[in-house]
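A quick write-up on the structure given underneath.
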Amino acid sequence: MKTLELRGGTKMPALGLGTWKSEPEEVYSAVRAALELGYRHIDCAAIYQNEEDVGRALNDAFTAGDAKREEVWVTSKLWNDSHAPEQVRPALETSLRKLGLDYLDLYLIHWPVALRHGVALPTGPEDFIPLSEVPLESTWAFMLEVSGQGLAKSVGVSNFSEGMIERVSEATGRAPEANQVELHPYLQQDALVAACKRLGVVVTAYSPLGSPDSAAMMGRRDEVPLLANPTISSIAEAHGATTGQVLIAWAIARGTSVIPKSVNPARIAENFAAADLTLSAGDMAAIAALDQHRRMVDGSFWFLGETYSPETLWDD
Ligand code: NDP
1 MKTLELRGGT
11 KMPALGLGTW
21 KSEPEEVYSA
31 VRAALELGYR
41 HIDCAAIYQN
51 EEDVGRALND
61 AFTAGDAKRE
71 EVWVTSKLWN
81 DSHAPEQVRP
91 ALETSLRKLG
101 LDYLDLYLIH
111 WPVALRHGVA
121 LPTGPEDFIP
131 LSEVPLESTW
141 AFMLEVSGQG
151 LAKSVGVSNF
161 SEGMIERVSE
171 ATGRAPEANQ
181 VELHPYLQQD
191 ALVAACKRLG
201 VVVTAYSPLG
211 SPDSAAMMGR
221 RDEVPLLANP
231 TISSIAEAHG
241 ATTGQVLIAW
251 AIARGTSVIP
261 KSVNPARIAE
271 NFAAADLTLS
281 AGDMAAIAAL
291 DQHRRMVDGS
301 FWFLGETYSP
311 ETLWDD
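According to my numbering, the sequence shown is numbered sequentially starting from 1.
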């Protein structure tokens with residue numbers, strides 16, 4: 001498996017398993033199946049509310065000899081209600097306890113959005129805290145501190161724009177090691193990917209298949225689902241591959257890591273095999289032409305009231 005080297009020298013496997021929306025009872029078998037197949041990268045988050053089940057699967061796999069702890073890259077994320085400096089370490093410790101691990105490979109600030117402590121998802125404007133009260137720079141400084149304490153080998157951010165990365169880097173003298181953002185052919189974000197490369201920030205592509213199972217939750221109508229796009233379909237046909245495999249191979253070919261989510265054993269295997277698919281320059285050019293700057297996870301859940309807006313959240 002190809003790996004991406006972070007600035008601190010750790011090596012992230014390019015292909016991992018996503019776990020958002022994976023029900024607790026499904027995620028255990030998904031993670032066990034993935035590790036048996038050879039996946040060595042699992043993407044988690046406190047807000048996915050399934051870390052205990054992921055942790056059980058990891059530890060059972062270690063006991064069964066399917067993989068060793070040091071071979072598996074585990075990422076988790078600081079939820080928005082724990083951005084205050086004194087909340088960062090306890091939040092990380094809670095994730096570690098649930099996952100049954102004594103360190104994470106990567107810990108990310110999940111969103112550049114702050115919520116009142118104890119709020120999982122906001123229901124009104126009063127649930128938000130402006131970044132002027134809990135600056136990203138101070139949250140980032142405490143992420144660096146917990147990393148220094150050995151609780152996370154690497155630390156980074158998610159859903160950060162170039163400007164946000166530059167701000168926290170300038171304030172602390174240390175840039176995030178990774179940025180996890182939405183990337184797929186309908187949302188290619190070339191400028192952000194290039195900026196991260198320039199700043200030495202490894203990029204992970206989330207929702208690489210177009211996140212079909214979040215459409216209802218996000219109030220989205222996917223007229224031409226990415227997995228059914230005719231260009232992707234014809235490339236898939238030419239390679240004797242599936243559209244999902246083309247989307248995953250595209251992400252890896254761009255130099256990003258990629259974390260497709262599945263709880264279906266056949267699709268978990270199908271997605272893993274995509275690491276062996278090589279796209280041609282012509283395939284890459286045809287996919288480049290599909291960009292629509294279209295977000296599947298558009299952050300609209302953060303825009304209740306006036307504290308956060310698309311302009312403050314995204315560089316768009
Ligand atoms: P994906 O783009 O990975 O799509 C997941 C959906 O595709 C599920 O419905 C899954 O169904 C289906 N699927 C999986 N493989 C295939 C296949 N080969 N063919 C057809 N359908 C398939 O969406 P996500 O939004 O879940 O993104 C992936 C991961 O990225 C998340 O799970 C999470 O870990 C991370 N993420 C991070 C975010 C952040 O803010 N940092 C935001 C969003 C995602 P089934 O399970 O039934 O196979």
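Glycine included, each C-beta is placed from N, C-alpha and C at the ideal position. This one's a predicted model, so the numbers in the text were calculated from it and none came from an experiment.
Contacts around residue i, its chain only, beta-carbon distance under 6 Å, and the 5 residues preceding and following it disregarded
{"i": "A274", "result": "Q245, I248 and A249"}
{"i": "V155", "result": "Y107, M143 and S147"}
{"i": "R267", "result": "none"}
{"i": "R7", "result": "E177 and G200"}
{"i": "A33", "result": "P265 and I268"}
{"i": "V202", "result": "L4, L6 and A178"}
{"i": "Q292", "result": "Y186"}
Cβ-based neighbour list, residue i, same chain, cut-off 8 Å, excluding 5 preceding and 5 following
{"i": "E26", "result": "V263"}
Delimiting residues of the alpha helix (DSSP H) encompassing residue i
{"i": "K98", "result": "P85 to L99"}
{"i": "T75", "result": "Taken as a continuous stretch (DSSP letters only), T75 belongs to no alpha helix (DSSP H), being part of the beta strand (DSSP E) at W73 to L78."}
{"i": "S147", "result": "L136 to G148"}
{"i": "Q180", "result": "Note, Q180: premise wrong, no alpha helix (DSSP H); beta strand (DSSP E) at A178 to E182."}
{"i": "M284", "result": "A281 to A288"}
{"i": "A194", "result": "D190 to L199"}
{"i": "S233", "result": "P230 to H239"}
{"i": "S169", "result": "E162 to T172"}
Proximity to residue i [Cα-Cα], best of the options
{"i": "E23", "options": "M164, D53, G65 and R32", "result": "D53"}
{"i": "V157", "options": "T75, P265 and P122", "result": "T75"}
{"i": "T242", "options": "I129, A228 and F160", "result": "A228"}
{"i": "L96", "options": "I129, L58, P125 and W111", "result": "L58"}
{"i": "Y39", "options": "N271, A46 and H117", "result": "N271"}
{"i": "V113", "options": "A120, L104 and P130", "result": "P130"}
{"i": "G282", "options": "T312, A236 and P135", "result": "A236"}
{"i": "E51", "options": "V202, T204, G100 and A175", "result": "G100"}
{"i": "L187", "options": "L226, P122 and M12", "result": "L226"}
{"i": "H110", "options": "D60, E170, D43 and E133", "result": "D43"}
{"i": "G305", "options": "S132, E93, F128 and A216", "result": "F128"}
Environment of residue i [buried if 16+ CB atoms lie within 10 Å]
{"i": "H83", "result": "buried"}
{"i": "V224", "result": "exposed"}
{"i": "Q149", "result": "exposed"}
{"i": "D315", "result": "exposed"}
{"i": "T139", "result": "buried"}
{"i": "S280", "result": "exposed"}
{"i": "S317", "result": "Only positions 1 to 316 of the chain appear in this structure, which leaves residue 317 out of reach."}
{"i": "T256", "result": "buried"}
{"i": "A120", "result": "exposed"}
{"i": "S161", "result": "buried"}
{"i": "R221", "result": "exposed"}
Whether residue i touches residue j by CB criterion (8 Å)
{"i": "W20", "j": "Y48", "result": "yes"}
{"i": "H239", "j": "P208", "result": "no"}
{"i": "T204", "j": "I287", "result": "no"}
{"i": "D66", "j": "E36", "result": "yes"}
{"i": "K153", "j": "D105", "result": "yes"}
{"i": "G124", "j": "D81", "result": "no"}
{"i": "W79", "j": "A46", "result": "yes"}
{"i": "T172", "j": "E137", "result": "yes"}
7 Å CB neighbourhood of residue i in its chain, flanking five on each side removed
{"i": "E71", "result": "R40"}
{"i": "V297", "result": "E182, S207, S211, S214 and M218"}
{"i": "A253", "result": "L279 and M284"}
{"i": "S309", "result": "F303"}
Chain D within 8 Å of residue i, Cβ atoms only
{"i": "D190", "result": "Looking for chain D here will not work: only one protein chain is present."}
Where the beta strand (DSSP E) through residue i begins and ends
{"i": "P317", "result": "Any property of residue 317 remains undetermined from this structure, which presents the chain solely from 1 to 316."}
{"i": "E23", "result": "Where E23 is concerned, there is no enclosing beta strand (DSSP E), given that its DSSP letter is neither H nor E."}
{"i": "V246", "result": "No beta strand (DSSP E) holds V246; the alpha helix (DSSP H) holding it covers T243 to A253."}
{"i": "G156", "result": "A152 to S158"}
{"i": "A273", "result": "It is not in any beta strand (DSSP E) - A273 instead sits in the alpha helix (DSSP H) that spans P265 to A273."}
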